[in-house]
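Only one structure is covered here, and it is reproduced in the block below.
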Amino acid sequence: MEIAVTVNGKAYHHDVPPRLLLVHYLREQLNLTGTHVGCDTSQCGACVVHVNGVSVKSCTLLAVQANGTQVTTIEGVAIDGQYSAMQQGFWEMHGLQCGFCTPGMIMSASALLQNNPHPTDYEIRHALEGNLCRCTGYENIVKAVQYAAQNSGHGQSLGDGGSQTNGSATMHEETKPESPETPAELEHPRRDDATPEKPTTVADWEGENAGAADDAPMQQGGKS
Amino acid sequence: MTTAEAPGKMVGKAIKRREDPRLITGQGNYLDDIKLPGMLYAAIVRSPYGHARIKSINADAAKAHPGVVAVITGADIAKEQNPLPCAWAAGGVPNNVNTPRALAVDVVRYVGEGVALVVAEDRYVAHDALDLVEVDYEPLDVVVDAEAATKAGKVQLHENAPNNIVMHWTCGDEQPTAQAIEQAEVVVKQRILNQRLIPTPMETRGYISRYDSATGEYTIWMSSQGPHVMRLLLTAFVLGIPENKMRCIAPDVGGGFGAKIFVYPEMASTLYAAKIVGQPVKWVETRRESCAVTSHGRDHITDLEIAGTKDGKITGLRVHTYANLGAYCSTIAPGVATTLYGRMVAGVYKIPNVFVEVDGVYTNTGMVDAYRGAGRPEAAYVIERALDMFAQKLGMDPAEVRRRNFIQPHEFPYDTGIGMLPYDSGNYEPALDKALKMAGYANFAQEQAAARKQGRLLGMGICSYVEVCGVAPSKWIGLAGQGWGAGLWESANVKVHLTGKVVVTTGSMPHGQGHETSFAQLVSDELGVPYEDVIVEYGDTQGTPFGYGTYGSRSAAVGGTAIFKSVSKIKEKARKLAAHMLEAAEEDIIFENGKASVRGTPDSSKTIQDIALQAHVAYDLPPGMEPYLDETTYYDPPNCTFPFGTHVCLVEIDADTGKVTPLRYIAVDDVGKVINPLIVDGQLHGGIAQGMAQALYEAAVYDDDGQLLTGSLMDYAIPRADMLPHYELDRTETPSPVNPMGVKGAGEAGTIAAAATVSNAVVNALQHLGIQHLDMPYTAEKVWRAIHERNGGNGHVS
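Written out as structure tokens, the structure reads:
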């Protein structure tokens, strides 16, 4: 079937099989591989894109259903290399580790701020319940969304870079945030009373000074 | 130790990750993002039975389907390939290691085992054709429970494994432990279950295999935590070809948590398929496949006895565990259930008598192998639950019982006497103190009592854990010791190019841990070059030195130390060259902050960039010196590292519904020196989330026919954002003495502590009802039943 769709501001016309999922159209046909597939039951949200400004799981929409729409994917969020406040928030707050859920998270979180520019942590956690992350425990994702809420002007243009302006989303590329938790300095345990034959220094452990480091493991290894 | 905490140094700074710009803009390069010219797609016909004989396979209709290129069966591949290897036949596993083949031959032994591979021109067509492959099965008896599988009369999965036993393994001293328990003033016995989990990285597994018929060389792109090891295992054991005939490439990896350490059947089957069809073949796992066939974690049935004195000193611990290993031995499964589990059950305590027995068991379930923590969460769960039950029986404060049994700071290195390497360093009480203070523990008993009067059930749980990280000295873990049939060293190459820019290649294989950032911070400090001038490369067996990969929280302690040592070699050579350039004696050269200067004449100096240029152009080198600053290190650690800490959780249980809500989670961890606090905290957050998930939500469930009832994300409950609390973190810092940076490892700490912490909190909330133990996960139904059973069904809880 013929479809005409605008993706990240660019118009496309394609003849696609009726059963082709939107996510596969984006990934395979348009090579927009930032939108991911993480499950087969619409639970994970790695595939979230915006269709006409609304966040949608692109694994549950057929490409033909997107005919005539404006689609924004993660590749269309930054404008002229300028990250959106949400992208910046994920970077600043370490809101990602493996990064696989991140595009969908950014798209869903951006949609949240469009509707609710200053959400509470509770509202953020509930708004993102359709997006699974296995790495972060969500702690820094919540902080990333709060960062975006505080740095995105009037909460607009947090994701639909292709169809809206980027507003006053600010850039702080060189900002180095303080760690939320500062490592506490603890006095190192005194080693004065360690028995001399025990390895206590790197040199000891590396064998310059220690039968103990060399031999003990082997003895123990054979112990079971 | 040359890594100083001087101002301006990169190590210790919470800088944001350099990996992120590509990942927040959709420019990451994960396995399924890769397209090769002429690439075909594979899908796999999988067994719907837990145990069955394959009577016949008819692929005619599938082969005739438009777009289908080939249908391959196990019998086809068995002519060319061996079964997959088990690389860690730990604990004296006798000659009954049974491993899977690329595709099953004759018998399938768990739901999801691969039976045939369809190769097609299109992903959709490959999946269409699965239904056209007709497999005639003769169902056989099924056993899914590990204890039941060892009983007489049960179906036998493998002829060479009577009673389905993989291995019977012990550590510690049996008789003294029996005696200690017999003579003890107080003994607590309990059966505890550590339920099976499904690792669930957000990116499922996937492989692209290519075969070059002109050279006989294979290339395989893989979502993997250790491409070098995969090349070794696939070439030497499965294909029987030299390792220089295969290149393994891991692109961006979307999470692993242990599940991507292993060699998997689909690596082998796609390699075969690529050769047969003469085109590259991509296979990407569906989530349902991932739930069923990517290796699971945990699944222990444990009977424990803890014995001690009335004043709270532990005198004995005896543990027997049935470890369900699934239908076959996965790559390192026997070692996880033995060395990494049994030898850690003493935890942070001085226990004079310990005896551990583990029966590894085959069942008609998916394979079980390392999953975040790998043996150590199971060990922490045993000892930390045991300690709380012991305290409960004594009527003592569990924090106080912990204090009375802690290994003391002056006792390190400490040998627990059960065959683990000596704990390197530790100071357990300050971490406990800090966590209790943060939690307001001193006032909690009052709060709990007051809440009970209002009908509210509050519980606070503690876990003081220790883990073994930085695996491992090769001569300990290798054949002579723990049965790992190889080394566990790590490698790094550091080059300083003509322009002064630095390229680090490492055998470590990050999949979310931010090595590109942390390792660059380390090199920047050690070599005295700008952080921006250092890049870190990994993941391709062509161009990086052999490494054992990233797991077991080993990258900083082992991989990082290899980098540190390569930089040291670079500095040594730079000093020699600087002496020549400055016409000074080598012993008078001081190399600091990227600059070599002559002692006493600081104006006479050369920067590392000057020296690198001279080393490259090479027209004026000292006699005998080779050009270039280029050094490689293969670092075999002298000991493992032992991070520790104390976590505390506050839960509230709704007595009417049984729903458990985690209200606060406090974690004080000591991971040694910290390279990047932002990254370390992130690792702890994620680890805690996975441990809490086990306690509260997740369980892989098989029915008696071997059907996986939690086979998708609709029914396997990985937590969403609204199901987890905010985490309150702090640290103590006890450097490891076994490596020059003092690092210990942080990737698994959260998971190791969190399940036991939450479990202790839930039982703490219920213990006034006479409840000593409750098995995870604490679903509302399970907790509600426990409350009501103890109350004669009247619902009153206070």
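Heads up: the protein sequence lines correspond to chains H and P, in order.
Under our numbering, the first residue of the first sequence is numbered 170, with each subsequent residue one higher.
Under our numbering, the first residue of the second sequence is numbered -13, with each subsequent residue one higher.
Quick reminder that beta carbons are idealized off the backbone N, C-alpha and C, glycines included.
Given the structure is predicted, the values throughout are model-derived calculations rather than measurements.
Counted within 10 angstroms of its Cβ, other Cβ atoms place residue i as buried (16 or more) or exposed
| i | result |
| --- | --- |
| H:S348 | The predicted position of H:S348 is uncertain, since its pLDDT is 37 and thus under 50; a value taken from the coordinates is nonetheless stated next. Looking at its Cβ environment, which holds 16 or more other Cβ atoms inside 10 Å, H:S348 is buried. |
| H:G250 | exposed |
| P:D511 | buried |
| P:Y807 | Since the first and last residues shown for chain P are -13 and 784, residue 807 of chain P lies out of range. |
| H:T242 | buried |
| H:M170 | exposed |
| P:L17 | buried |
| P:L311 | buried |
| P:E275 | buried |
| P:E124 | exposed |
| P:L303 | buried |
| P:K65 | exposed |
| H:S211 | exposed |
Residue-level contact to chain P via CB, residue i, 8 Å cutoff
| i | result |
| --- | --- |
| H:D209 | yes |
| H:Y252 | yes |
| H:A247 | yes |
| H:N320 | no |
| H:P288 | no |
| H:H263 | yes |
| H:Y181 | no |
| H:G336 | Here the model assigns H:G336 a pLDDT of 34, short of 50, so the residue's position is not dependable, and the following value carries that caveat. Chain P contact via Cβ: absent. |
| H:L297 | yes |
| H:P272 | yes |
| H:V176 | no |
| H:I310 | yes |
| H:L301 | yes |
| H:I275 | yes |
Any C-beta of chain H under 8 Å from that of residue i
| i | result |
| --- | --- |
| P:G724 | The residue you asked about is not Gly; residue 724 of chain P is Val in the sequence shown. P:V724 counts as touching chain H. |
| P:V(-3) | no |
| P:N339 | no |
| P:K2 | yes |
| P:G441 | no |
| P:Y16 | yes |
| P:G672 | yes |
| P:V239 | yes |
| P:S774 | Here the sequence assigns His to residue 774 of chain P, which means Ser is not the residue at that position. Not closer than 8 Å to any Cβ of chain H, the Cβ of P:H774 fails to qualify, so no. |
| P:N150 | no |
| P:Y197 | no |
| P:Q680 | no |
| P:N625 | yes |
Contact belief for residue i with residue j at Cβ below 8 Å, rounded distance in angstroms
| i | j | result |
| --- | --- | --- |
| P:V387 | P:F376 | 6 Å |
| P:K562 | P:M611 | 7 Å |
| P:I184 | P:Y702 | 5 Å |
| P:A254 | P:Q67 | 6 Å |
| P:A747 | P:L636 | 7 Å |
| P:A472 | P:A75 | Between P:A75 and P:A472 the Cβ distance is about 12 Å, and since that is not below 8 Å, they are no contact. |
| P:L760 | P:L443 | Contact flag wrong, Cβ pair sits at about 13 Å. |
| P:G673 | P:G731 | Not confirmed; about 11 Å, so no contact. |
| P:V729 | P:I661 | 7 Å |
| P:D655 | P:A735 | 5 Å |
Quick one, which residues of the segment 168 to 192 of chain P are near chain H if we go by CB-CB under 7 Å, in chain order? T186, P187, M188, E189
Residues within the segment 497 to 530 of chain P neighbouring chain H, beta-carbon criterion of under 9 Å: H497, G498, Q499, G500
Which of the residues in the segment 686 to 710 of chain P, read from start to end, lie with their CB under 7 Å from any CB of chain H? S698, L699, M700, I704, R706, A707, D708, L710
Scan the segment 211 to 243 of chain H for residues whose Cβ lies nearer than 7 Å to a Cβ of chain P and list them as they occur along the chain. Q212, C213, A215, T242, I243
Quick check on the DSSP output: what are the complete alpha helix (DSSP H) runs of length 4 or more inside the segment 284 to 356 of chain P, in order along the chain? 319 to 322, 325 to 328
Please list the residues of the segment 213 to 226 of chain P that have a C-beta atom closer than 9 Å to any C-beta atom in chain H, keeping them in chain order. none
Report the residues of the segment 274 to 286 of chain P with a CB closer than 8 Å to any CB of chain H, ordered along the chain. R274
Against chain H, which members of the segment 102 to 113 of chain P pass a CB distance test of less than 8 Å? R109, Y110
Go through the segment 484 to 517 of chain P residue by residue and report every complete run of the beta strand (DSSP E) that reaches 3 residues or more, in order. 488 to 492
Listed from N- to C-terminal order along the chain, which residues in the segment 410 to 429 of chain P have their beta-carbon within a distance smaller than 9 Å of any beta-carbon of chain H? D410, S411, G412, N413, P416, A417, K420
Tell me the start and end of each unbroken alpha helix (DSSP H) in the segment 18 to 75 of chain P that is at least 4 residues and wholly inside, in chain order. 46 to 50, 60 to 64
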